[in-house]
Amino acid sequence: MGARRNIVIVGGGTAGWLTAAYLAKALGAGEGGRVAITLLESPDIGIIGVGEGAFPTIRNTLRFLGVDEAQFIRDASATFKQGIRFVDWEKEGTRYFHPFEAPFFTEEADIVGHWLTLDPATRPTFAQAVTIQNRVAEARRAPKRPHEDDFTGPLSYAYHFDAVKLSGVLADCARGLGVRHIEGRLVDVALTPDGAVDHLVTEAGETLTADLFIDCSGFRAEIIGQALKSPFKSARPIL
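Residue numbers (the working numbering): 113 to 351.
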């Protein structure tokens, strides 16, 4: 085995702790592992957001991290999310429901292709035509039953959750996987002559060196923006 690599993540919250937990699990950050991961988090900066949602892929992530689904739902105050409803989508008074369950499809039967051939003025909505998920959601029924295995069910789903509580769940997971947590404020980002990040300095005077630095400081962009001067590129023109 070669020399142990070091990763430093700046910022906690969902982004920072999810990054830390995933890398720790994927690369091995425990004792004797391939990497050492440190997360620097300022206790003075709160986590943005109260209620947030996710896409179905979060189930694969939580499963990979070894999270218990029922415990996650309790600890993050999570509820099932079966799709996204866009109100006033085409015009005021209309709505579009985007189901998380994939449309039924076989080589012999393409239900979406058939739906596209129907008269837009009289055809059912997309969700009504391709899945029962909108009916399940409107009936306030769950996409899975209590006896089914973690992160599986008859219908695809994600969650709504409390962002602060989710960060706590991910932080506990990351620390359990060997991530070192430092509470402190970043005061300096030292650069090499060619403009790369050389090391970080905390308010307590600790120097943090790494093979990889990851900026999860959100809008503050303490490394990528303030130190490296990378411009912010808005997606507004295409939204």
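Positions of the beta carbon are idealized from the N, C-alpha and C atoms, including for glycine.
- The criterion of a C-beta distance shorter than 8 Å is satisfied by residue 272 and residue 191.
- Distance from residue 299 to residue 187 at the Cβ level is roughly 33 Å; contact not present, criterion being Cβ atoms closer than 8 Å.
- Annotation for residue 277: the continuous alpha helix (DSSP H) segment containing it runs 275-288.
- Inclusion of residue 328 and residue 133 in the CB contact set at 8 Å is not warranted, their separation being larger than that value.
- Shown here, residue 327 sits in a strand according to DSSP, grouped into three states.
- Rounded to the nearest whole angstrom, the CA to CA distance from residue 224 to residue 197 is 19 Å.
- Of the candidates 269, 231 and 221, the residue whose Cα lies closest to the Cα of residue 169 is 269.
- Our two residues, residue 220 and residue 226, have alpha carbons roughly 12 Å apart in a direct line.
- When C-beta atoms of the region 304-316 are compared with those of the region 201-210, fewer than three pairs fall below 8 Å, so the two segments do not count as touching.
- By the CB criterion at 8 Å, residue 149 and residue 138 fall outside the cutoff.
- Excluding its 5 nearest sequence neighbours in each direction, residue 146 has C-beta neighbours in its own chain below 8 Å: 113, 116, 117, 139 and 140, listed in chain order.
- Looking at the DSSP output, residue 311 bridges to 302 and 321.
- DSSP, reduced to helix, strand and coil, places residue 228 within a helical segment of the structure shown.
- Counting the other Cβ atoms within 10 Å of the Cβ of residue 247 gives fewer than 16, which makes it exposed.
- Among the bridge pairs identified by DSSP, residue 147 is matched with 117.
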